[in-house]
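Participant:
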Amino acid sequence: MDSRSVIPALDTNTPYYVPEGECPIAKLPVELLCKIFTLTEGSLPIPLVSTGWNKISRTTTISYPCLEKRLPSLSSFLIQTDVRGAYDEITARIHRIWAHRQLPEAMTSVQPTFACIEEYAKRFEEYKNLMTLALVVRRHIRQTTTLEEKLKLETDPVLRLPHIKKWFEENQEELAHLKDLSIELGDITEIPEELNYFTGLEKISFRGNQIRSIPGHFGRNLPLLSAVDLRQNQVSTISADFCINSTNIHTLQLDNNKISQLPENFGLGMIKLSNLDLGSNKLKKVPSDFGRLFPNMYRLCLSNNEIEELNDEFGSHWTKLRFCELKDNKLSSLPSSLAINSTRVMLLSADWEKIKVCPKHLVRFSSLRKSH
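Heads up, the sequence shown is in my numbering, so the first residue is 42 and it goes up one at a time.
(1) Hey, out of HIS258, GLU235, GLU231, whose CA is closest to PHE247's CA?
(2) Please specify which runs of the beta strand (DSSP E), each continuous and at least 3 residues long, are wholly inside the region 270–319, giving them in chain order.
(3) On the three-state DSSP scale, how would you describe VAL398?
(4) Which residue or residues does DSSP assign as beta-bridge partners of GLU442?
(5) According to DSSP, which residues form a beta bridge with ASP221?
(6) Report the option in GLN302, ASP221, SER383 whose CA atom is closest to the CA atom of SER321.
(7) Distance check for ARG385 and HIS291, CA to CA, integer angstroms please.
(8) Ordered along the chain, which non-local residues of its own chain (more than five positions away) have a Cβ less than 6 angstroms from that of SER329?
(9) What distance in whole Å lies between the Cβ atoms of PHE355 and SER390, which are believed to be in contact at a cut-off of 8 angstroms?
(10) For ILE432, does the three-state DSSP call read helix, strand or coil?
(11) Given 8 angstroms as the limit, is there contact between the region 361–376 and the region 334–352, that is, 3 or more CB pairs closer than that?
(12) Which stretch, first to last residue, makes up the alpha helix (DSSP H) that contains VAL199?
(13) Would MET311 be called buried (16 or more neighbouring beta carbons within 10 Å of its own) or exposed?
(14) Closest to LYS220 by CA distance: which of LYS191, PHE259, SER267 is it?
(15) Using the Cβ count rule (16 or more neighbours within 10 Å means buried), how would you classify ASN286?
(16) Where does ALA268 fall in DSSP's three states?
(17) If you drop the 5 nearest sequence neighbours on each side, which residues of the same chain put their C-beta closer than 8 angstroms to that of LYS325?
(18) Between which residues of its own chain and GLN213 is the CB-CB distance below 6 angstroms, once the five residues before and five after are set aside?
(19) Less than 8 angstroms between the beta carbons of ASP270 and ILE245, yes or no?
(20) Since LEU242 contacts LEU265 with CB under 8 angstroms, what's their CB separation in whole angstroms?
(21) Leaving aside the five residues before and after ALA217 along the sequence, list all residues of the same chain whose C-beta is less than 6 angstroms from its C-beta, in chain order.
(22) So, ILE279 versus ILE255, is the Cβ gap smaller than 8 angstroms?
(23) Could you pull the start and end residues of the alpha helix (DSSP H) that LEU226 belongs to?
(24) Looking at GLU305: is its Cβ nearer than 8 angstroms to the Cβ of LEU341?
(25) Considering Cα atoms alone, identify which of THR186, ARG201, ILE182 is closest to ARG164.
(26) Using CA coordinates, which residue listed in LYS323, LEU194, GLU225 is at the minimum distance from ASP369?
(27) Any heavy atom of the ligand COA inside 7 angstroms of the beta-carbon of LEU389?
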């Protein structure tokens, strides 16, 4: 048997330890707590109260895995009107502590405790995202197993995580009937893999959340998906497998994010895509096959990025192109292939005062309007 003190594991396969004789953060000596409090710029988690949260009548004390805090109780089911922001403060505080994990040498013995907090925070965040999704959709389905039944099995949010996952699995037949899912202006940070149980979805909107990346599992099992709205998030990375099986998507909105690079095969499988908005990101270039993959492109927005040049074949396959927005980039020339096979262009927006090389065919269309 290991001589180290065992911190309760988040699951049976993931044990956590602290050196023998060390105690959880919540029970450290006051003077040591003061040092940590100073080191973390006052971000040490402290008891939270429910004041100001509508319809929350009681709290529950949680001491897991090594941190005491008071959190709103979900067992009363009185918080369904506002679960999205319920745990922001505590999660942010935990992350700030971990960000300052370079502790003085005298405090290195508590490093394992901090590592445990980081793992707890990750799973806590996953729980919050799934809980938000569950509370939204449960109102629109006939539950095979109720969410209340699953959550009452545990009081700790992280220990509830496998039960929430099981709830989605047991209700997948009902979830498959939903056609439109909209969770906007919230605090979802990751797109749950459980979204693939919603096999009948046609439209998805996560506009105005805090999503940081688009995973490969997104759209993996959503064959009917036609419109995706991920505007106004914090997306910086996109998986190469994003929506690779969603061949019916015609509208994809990714504007107002932090995307600096697209995967080389971005859009592979989206053969019906006609409306793509990547405006207000940090793109410096677009993939070499960008134009070849979207034969039905009707409207493209790449404005307000940092694009310096477009490859020679850009836009050569877009015979249906009507609107192309390239303004507020660093372009000094336009590719000779742009809209060369389209005679119906209505709007081509660019910084014309900066364009030194412009193909002749772009100015001979009578319907073309140069927009400044």
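By construction, the Cβ of each residue, glycine as well, lies at the ideal position given by its N, Cα and C atoms.
Facilitator: So, to answer that:
(1) GLU231
(2) 292–294, 316–318
(3) strand
(4) Here the chain comprises residues numbered 42 to 413, so residue 442 is not present and cannot be evaluated.
(5) LYS244
(6) GLN302
(7) 19 angstroms
(8) ASN352
(9) The pair is not a contact, with the Cβ atoms about 15 angstroms apart (cut-off 8 angstroms).
(10) Nothing about residue 432 can be read from this structure; the chain reaches only from 42 to 413.
(11) yes
(12) 198–211
(13) buried
(14) SER267
(15) exposed
(16) strand
(17) SER301, GLN302, ASN346, GLU347, ILE348, GLU349
(18) TYR238
(19) yes
(20) 7 angstroms
(21) THR240, GLY241
(22) yes
(23) From DSSP, LEU226 is part of no alpha helix (DSSP H); its letter is neither H nor E.
(24) no
(25) ARG201
(26) LYS323
(27) No copy of the ligand COA appears in this structure; indeed no ligand is present at all.
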